[in-house]
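Top to bottom, those sequences are chains A and B. Mapping of the first sequence onto this note's numbering: position 150 corresponds to residue 1259, and the numbering continues sequentially without gaps. Mapping of the second sequence onto this note's numbering: position 161 corresponds to residue 1270, and the numbering continues sequentially without gaps.
2 protein chains.
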Amino acid sequence: MEELSDRKQKILAAVIEQYIATGEPVGSKTLLPLLPFSVSSATVRNEMAELSEMGYLEQPHTSAGRVPSQMGYRYYVDRLMNNYELSDREKRTIEMKLGTSVRSPEKVLETASSVLADMTNCAAVSTTPSDSEAVIRRVELVPIGARLAMIVMLTSSGILKSTIVRTDYELTLDIVEAFYNIVNKLFIGNPASEMNLAFLQTLAVSLGDKALIMTPLLVALSELASTAGKSEMLLEGQSNLLNHSQISSNVYELMEFLRKGEPLSNLFSAHKDEMNVLIGKENMYRELENSSLIFSRYNIGGRDSGTLGIVGPTNIDYARLIPGLKYLTSVVGKILTDAVEE
Amino acid sequence: MEELSDRKQKILAAVIEQYIATGEPVGSKTLLPLLPFSVSSATVRNEMAELSEMGYLEQPHTSAGRVPSQMGYRYYVDRLMNNYELSDREKRTIEMKLGTSVRSPEKVLETASSVLADMTNCAAVSTTPSDSEAVIRRVELVPIGARLAMIVMLTSSGILKSTIVRTDYELTLDIVEAFYNIVNKLFIGNPASEMNLAFLQTLAVSLGDKALIMTPLLVALSELASTAGKSEMLLEGQSNLLNHSQISSNVYELMEFLRKGEPLSNLFSAHKDEMNVLIGKENMYRELENSSLIFSRYNIGGRDSGTLGIVGPTNIDYARLIPGLKYLTSVVGKILTDAVEE
DNA sequence: TGTTAGCACTCTTACCTTTTGAGTGCTAAC
DNA sequence: GTTAGCACTCAAAAGGTAAGAGTGCTAACA
């Protein structure tokens, strides 16, 4: 990336900030009062013409003002922008809103997404904690009725999952004991992700005549184990997307894309930096080509566990929202870490 | 409601069905091939003029075709429409899609909403099962770590809830036993809705010196009990609302309204029929005045438990969607009833 | 050499007018 | 009671003009 003169940088930054604020193409005269130096509009025009030629600015049509190009935004985000500093007040507001709902990691993420959507006026996405290397730490079988039980599983990364099992036979003490034996021998201490159907089948063989009676319980447990590694996608504030004229042309497409979840999830796994900013076509999906994505990974107990992010127009307020997301992410990490520790 | 001549009824029905199909005002000539009798366009015009005068049809402007009024839709839904009969194929599709996810009532409702949204091309709303008279049937305390436990609660209506509790002290056998004593004496058999904070406070007094140590566990249990009675609102397919030109003027308002959930929930509780159709301003909310609501209550074990519904434009395909929703509702009821039985 | 005033030029947007055509309501004949 | 015929209405489309924001270029200036 070439070096821009100091004045060009200032002009580029001013165009971008103005365009972010108003959404209208920015003309040379509009810019004058926003610049930290005094020159005439003609000078600004000359500079802008060069910036256009270099590819940092674009013109919707000849007689219109300038609009930042994707390359312009990138330069701004990487080198020009000075991050907004959150006030203590804002920090406390975030903490308060998140602090109330620590019943489960899912709830925390849900609240976080909701807060994020409100804070940014964008759609907020997040993934629930996942850890593909998580090991099964503990399993409990809780009888609830004669033929009804709950299986509870805790993994090394603190994920707690439970499910209901229904059996055709009564859950006698014998069966419960046998279940615990099998579990202690073959499940505890093993990675949750390995408890798949293939594993179950080899297991069934080794059980012999007990296999039949154990099957429902073990199937439920292995399903539980396999969901423990997988993360769920949460989406909030979709309606905020309607407020941005930039993307209003294909909001429907965009919303459908977000709803599907999977492609986004792929995108997230391809970018594991602490903070990721994808502007316009920098991502591979056509549906997102007019949008910017900002997302950040949160840690639980120092372990990378999931993603929190926002989707908005390319003229999103990077300088304000990136620090906001960063702080929110750190708070979520802290809350979830505290929740896991014993 | 006055009686309309047979011919007027047929014309009204044809106008409505055509308008539902195309979304365009319907003129007298367009109508001719759709009528089961042969008359001239002039005759149809005369009849339509009378229907307009009576209030069943409206004209966007003098030289336009006719559009059904709210009163017109009402007459159609109540007396003219002949319900579409679902094919076995469609029925099986619905059953299949719902059958796969019987892990928890919430999941079932989530899938049902999703299926409903796809099926109707509308936004789908549902409430998770609730039963304000539910009685606490069973409570289990499952130790998971030294200071970490899970409380599981089952109500008479089959609702199963669980939560995690963290304590500052070790969960000794004594404490667990004491907990079960208190629970058996004061919780089991009592309505979940009564286990509120006030109840907890009187309880705390009667416990004396044990109160302090029991508090976190009992607070968690009472929170659990109070959530068991409350139903949650699920929303799917919001983006479908963007496809209907009728409501596109204020989609944002509408989406925000649906997201809030509470007003909708009030609306649901005010209409407890098995099948409810609210057309345009028949409901009290300004945000819904251009929309129709169709919702239906599902039963679990014969007990009215929750709502499934759709929100769409007033020119929604009543004849097809009402039977569809009805069938879906019955399937959901059946699945949840089966899940509760032991 | 960089900066600036001045100006012709461009192109969108808003506004006005005209035309078109779908659809009506009415009248008179059947 | 039904229908052909016709004048009438009005939204939407099409065309045409004017306004204005903003540009690029030129020539003068410091």
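Yeah, the Cβ is synthetic: ideal placement off N, Cα and C, and Gly gets one too.
Exposure label - residue i; buried when at least 16 CB within 10 Å
i	result
residue 1314 of chain B	exposed
residue 1188 of chain B	exposed
residue 1347 of chain A	buried
residue 1310 of chain B	exposed
residue 1175 of chain B	buried
residue 1366 of chain B	buried
residue 1332 of chain B	buried
residue 1128 of chain A	buried
residue 1149 of chain B	exposed
residue 1349 of chain B	buried
residue 1170 of chain B	exposed
residue 1421 of chain A	buried
residue 1290 of chain A	exposed
residue 1318 of chain A	exposed
residue 1242 of chain A	exposed
residue 1329 of chain A	buried
Identified DSSP bridge partners for residue i
i	result
residue 1400 of chain A	A:1422
residue 1167 of chain A	A:1176
residue 1300 of chain A	A:1244
residue 1196 of chain B	Beta-bridge pairing links residue 1196 of chain B to no other residue.
residue 1406 of chain A	A:1416
residue 1274 of chain A	A:1258
residue 1250 of chain B	B:1260
residue 1232 of chain A	A:1420
residue 1269 of chain B	B:1263
residue 1135 of chain B	B:1175
7 Å Cβ cutoff, residue i in contact with chain B
i	result
residue 1459 of chain A	With chain A running from 1110 to 1451 in the structure shown, residue 1459 of chain A is simply not present.
residue 1365 of chain A	yes
residue 1472 of chain A	In the structure displayed, chain A extends from 1110 to 1451; residue 1472 of chain A sits before or after that span and is not available.
residue 1328 of chain A	no
residue 1289 of chain A	no
residue 1251 of chain A	yes
residue 1361 of chain A	yes
residue 1437 of chain A	no
residue 1452 of chain A	Residue 1452 of chain A lies beyond the residue range present for chain A, which begins at 1110 and ends at 1451; the question has no answer from this structure.
residue 1201 of chain A	no
Best match in the options for proximity to residue i [C-alpha to C-alpha]
i	options	result
residue 1225 of chain A	A:1405, A:1409, A:1443	A:1405
residue 1337 of chain B	B:1365, B:1366, B:1299, B:1185	B:1299
residue 1153 of chain A	A:1203, A:1139, A:1112	A:1139
residue 1412 of chain B	B:1387, B:1270, B:1265	B:1265
residue 1458 of chain A	A:1446, A:1204, A:1441	Residue coverage of chain A in this structure runs from 1110 to 1451, which leaves residue 1458 of chain A outside it and unanswerable.
residue 1192 of chain A	A:1444, A:1443, A:1447, A:1434	A:1434
residue 1227 of chain A	A:1371, A:1339, A:1344, A:1212	A:1344
residue 1432 of chain A	A:1136, A:1419, A:1340, A:1239	A:1419
residue 1161 of chain B	B:1293, B:1208, B:1117, B:1403	B:1117
residue 1397 of chain B	B:1330, B:1382, B:1359	B:1359
residue 1364 of chain A	A:1147, A:1119, A:1232, A:1171	A:1232
residue 1402 of chain A	A:1377, A:1410, A:1362	A:1377
residue 1220 of chain A	A:1446, A:1449, A:1400, A:1438	A:1438
residue 1141 of chain A	A:1372, A:1120, A:1165	A:1120
residue 1178 of chain A	A:1423, A:1445, A:1436	A:1423
residue 1249 of chain A	A:1273, A:1427, A:1156, A:1240	A:1273
residue 1126 of chain B	B:1143, B:1137, B:1115	B:1143
residue 1253 of chain B	B:1229, B:1263, B:1239, B:1279	B:1279
residue 1335 of chain A	A:1209, A:1268, A:1134, A:1400	A:1268
residue 1294 of chain B	B:1447, B:1282, B:1312	B:1312
residue 1372 of chain B	B:1212, B:1383, B:1342	B:1342
residue 1287 of chain A	A:1166, A:1259, A:1327	A:1327
7 Å Cβ cutoff, residue i in contact with chain A
i	result
residue 1348 of chain B	yes
residue 1234 of chain B	no
residue 1306 of chain B	no
residue 1351 of chain B	yes
residue 1212 of chain B	yes
### Message
What ranges does the alpha helix (DSSP H) occupy inside the segment 1322-1394 of chain B, keeping only unbroken runs of at least 4 residues that lie completely in it?
### Response
1360-1369, 1371-1379
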